[in-house]
Amino acid sequence: MKVSIFGTGYVGLVTGTCLSEIGHDVTCVDVDEAKIEGLRQGRLPIYEPGLDSMVVRNGSDGRLHFTTDAAAAIAGAEIVFIAVGTPPDEDGSADLQYVLRVAKTIGANLRTSAIVVNKSTVPVGTAQLVRGAIAGELSQRKVEIDFEVVSNPEFLKEGDAVNDCMHPDRIVIGATADAAVDKLKRLYAPFVRNHDRFVVMDVRSAELTKYAANAMLATKISFMNEISNIAERVGADIEMVRRGIGSDPRIGWQFIYPGVGYGGSCFPKDVQALARTAQQHGYRPQLLDAVEEVNERQKAHLFELIHRHFDGQLSDRTVAIWGLAFKPDTDDMRAASSRRLMEQLWAAGARVRAYDPEAMDEARRIYGERVDLVLCDSMEEALRGADALAVVTEWRQFRSPDLAAFRTLGDAVVFDGRNVYDPDELEQAGIAYYGIGRGRSVTGG
Ligand code: UDX
Numbered sequence: 474m475k476v477s478i479f480g481t482g483y484v485g486l487v488t489g490t491c492l493s494e495i496g497h498d499v500t501c502v503d504v505d506e507a508k509i510e511g512l513r514q515g516r517l518p519i520y521e522p523g524l525d526s527m528v529v530r531n532g533s534d535g536r537l538h539f540t541t542d543a544a545a546a547i548a549g550a551e552i553v554f555i556a557v558g559t560p561p562d563e564d565g566s567a568d569l570q571y572v573l574r575v576a577k578t579i580g581a582n583l584r585t586s587a588i589v590v591n592k593s594t595v596p597v598g599t600a601q602l603v604r605g606a607i608a609g610e611l612s613q614r615k616v617e618i619d620f621e622v623v624s625n626p627e628f629l630k631e632g633d634a635v636n637d638c639m640h641p642d643r644i645v646i647g648a649t650a651d652a653a654v655d656k657l658k659r660l661y662a663p664f665v666r667n668h669d670r671f672v673v674m675d676v677r678s679a680e681l682t683k684y685a686a687n688a689m690l691a692t693k694i695s696f697m698n699e700i701s702n703i704a705e706r707v708g709a710d711i712e713m714v715r716r717g718i719g720s721d722p723r724i725g726w727q728f729i730y731p732g733v734g735y736g737g738s739c740f741p742k743d744v745q746a747l748a749r750t751a752q753q754h755g756y757r758p759q760l761l762d763a764v765e766e767v768n769e770r771q772k773a774h775l776f777e778l779i780h781r782h783f784d785g786q787l788s789d790r791t792v793a794i795w796g797l798a799f800k801p802d803t804d805d806m807r808a809a810s811s812r813r814l815m816e817q818l819w820a821a822g823a824r825v826r827a828y829d830p831e832a833m834d835e836a837r838r839i840y841g842e843r844v845d846l847v848l849c850d851s852m853e854e855a856l857r858g859a860d861a862l863a864v865v866t867e868w869r870q871f872r873s874p875d876l877a878a879f880r881t882l883g884d885a886v887v888f889d890g891r892n893v894y895d896p897d898e899l900e901q902a903g904i905a906y907y908g909i910g911r912g913r914s915v916t917g918g
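Mapping of the sequence shown onto our numbering: residues 474 to 918, in sequence order.
See the structure below:
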């Protein structure tokens, strides 16, 4: 099938590449000329394992195209995806200006009947606005062309996005017309082979499903962070508690890792946006508000541990930070907890030596040159001359460090924001250890 996708961010680029991988003829459209030119030459705007080789291969096989020419991309397509960003506006609602701009462009350029698929995470009711924007343009042009707006939210995770797209656990389709549902089922058939992974529903339910999924996952994380704060106060070890509850299949093992709070492009903004939607409909979303509040507090937790350890005297201290990305296997620092920690350390007068396997360019882009930030080339270099280490992202290479190197830290102390180390092992090696919710080295607060 001939498919066009607007937006070459995570969702658009991964979806487009995977659809070309299974044989469709895909055109990815973006307004950013430099991004499109880079993609044509095989340079990706994001780091996502396995994606670059797929882009290059499908590009040279002639199934994957990149363009800024929206009109041409729309004219030839049977299915047009909207996969542009929905950043939060001042009050936390999703800002729909990019989605609606694409909708207008579609209306202005549609030549034959098509299915318009909304893949951006959008508040309930957006499909209707998209439909209105397209219809408005068509009536201005005084033409009548059949089109259908479908909601088809994306559930991919950064770092594992290609796998999530090629092997989805479900494909949610929110549509009114059977013909559109059938067409999308045919489009996606190779991803699901003979498994029935399609969940077909009305458009509004599909829109809400995406928010419900992310809010549920964010809730699990905030819940565990809440329990970890209680564990710290009562002298329990959250890691034992986690093992004790995860074996109950009703709870499950996933998304019950306490840590430095959730970050990234989805959870923080989607929890907020869902809360705003609820408020706009006259409902006070107490649980969602608490999920966000707990997360905000948790993002400050590692700093509080550091601050307390040094009796509030941080002005002459240097803290090494391992991990800047909001999670491993990505270079994304959007809403990353590392940012809050660094900014708090700087405000307290401390210096930072930071290392991340992939996010160094991103850190440079965000912070530029600063006297209180040294971006290091290796994890070992970050430790040099530092008083303490804070682990913020659980990259694999941080998991089995050389303990002797930890002893060279001015204060021989490690703040483990992801509970990746064995406290006993570190303490036996003469290194002070603070984890999250592990009931040691910490009191009160
Ligand atoms: C998420 C959803 O998982 C995905 O389905 C949706 O499409 C987009 O949002 P992503 O933001 O890429 O994906 O990352 P995810 O792996 O879900 O992690 C989000 C954040 O939660 C990270 O900061 C991670 O460190 C944190 N997290 C995750 C925890 O703190 N504890 C956990 O147990 C799991």
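For each residue, glycine too, the CB sits at the ideal point set by N, CA and C.
Residue burial classification, residue i (beta-carbon count within 10 angstroms, cutoff 16)
i      : result
ALA863 : buried
TYR661 : buried
SER851 : exposed
PRO722 : exposed
GLU952 : The chain is shown from 474 up to 918; residue 952 falls before or after that span and cannot be answered.
GLY785 : exposed
LEU760 : exposed
SER493 : buried
SER526 : exposed
ALA507 : exposed
GLN514 : exposed
GLY708 : exposed
SER586 : exposed
ALA653 : buried
GLU765 : buried
ARG666 : exposed
ASP802 : buried
Chain-order list of residues whose beta-carbon lies under 6 Å from that of residue i (same chain, five-residue window excluded)
i      : result
GLU563 : none
SER738 : ARG807
ILE724 : ILE718
PRO741 : ALA808
ALA902 : LEU876
7 Å Cβ shell around residue i - same chain, five flanking residues per side excluded
i      : result
MET806 : LEU797, ALA798, PHE799, ARG812, ALA832, GLU835, ALA836, ILE839
ILE579 : ILE547, VAL553, VAL589, ILE607
ALA504 : Here the sequence assigns Val to residue 504, which means Ala is not the residue at that position. Closer than 7 Å at the Cβ level, and outside the excluded window around VAL504, lie THR541.
LYS693 : PHE728, ILE729
CYS849 : ARG826, ALA827, TYR828, ALA855
GLU853 : ALA878
ASP884 : ASP860, ALA861
TRP726 : GLY719
Within 9 Å, strictly: CB atoms of residue i and residue j
i      : j      : result
ILE909 : GLY732 : yes
THR488 : ILE478 : yes
ASN843 : THR791 : Checking the sequence, you will find Arg at residue 843 rather than Asn. Their beta carbons are not under 9 Å apart, which means ARG843 does not touch THR791 by this criterion.
LYS577 : GLY609 : yes
ILE618 : LEU629 : no
VAL865 : LEU775 : yes
GLY632 : PRO560 : no
GLU551 : PRO626 : no
VAL886 : ILE904 : yes
PRO596 : ALA634 : no
THR481 : ASN531 : no
LEU602 : LEU573 : yes
HIS497 : VAL528 : no
ARG911 : ALA704 : yes
GLY565 : ARG757 : no
ALA691 : ASP642 : no
VAL676 : THR649 : yes
GLN771 : ASN702 : yes
ALA763 : SER678 : no
LEU486 : LEU524 : yes
GLY647 : SER593 : no
VAL484 : PHE539 : no
GLY734 : GLU769 : yes
SER624 : GLY736 : no
Cut-off 8 Å between Cβ atoms - residues of its own chain near residue i, not counting five sequence neighbours on either side
i      : result
GLU699 : VAL767
LEU787 : ILE779, HIS780, LEU818, ALA821, GLY822, ALA823
HIS640 : PHE664
TYR906 : VAL886, VAL887, ASP889, TYR894, PRO896, LEU899, GLU900, ARG913, SER914
Self-check item: Any alpha helix (DSSP H) of 4 or more consecutive residues that is wholly inside the region 737 to 800
Solution: List check, alpha helix (DSSP H) in window: 740 to 753, 759 to 772, 774 to 782.
Self-check item: beta strand (DSSP E) runs contained entirely in the region 641 to 712, provided each spans 3 or more residues
Solution: 644 to 647, 671 to 674
Quiz item: So which residues put a beta carbon under 5 Å from any heavy atom of ligand 1, going in chain order?
Solution: PHE628, LYS630, GLU631, ILE694, PHE728, TYR730, GLY732, TYR735, GLY736, GLY737, CYS739, PHE799, LYS800
Practice problem: Run through the region 818 to 850 for me and flag every whole alpha helix (DSSP H) of 4 or more residues, listed as ranges in chain order. | Solution: Given a length threshold of 4 residues, each whole run of the alpha helix (DSSP H) inside the region 818 to 850 is given here in chain order: 833 to 840.
Quiz item: Mind pulling the alpha helix (DSSP H) runs of 4 or more residues that sit fully within the region 588 to 617?
Solution: 599 to 613
Exercise. Would you mind listing the alpha helix (DSSP H) stretches within the region 477 to 541 that are 4+ residues and don't spill past its ends, in chain order?
Key: 483 to 494, 506 to 513, 524 to 533
Quiz item: Which runs of the beta strand (DSSP E) fall wholly inside the region 859 to 918 and span at least 3 residues, in chain order?
Solution: List check, beta strand (DSSP E) in window: 861 to 864, 886 to 889, 905 to 907.
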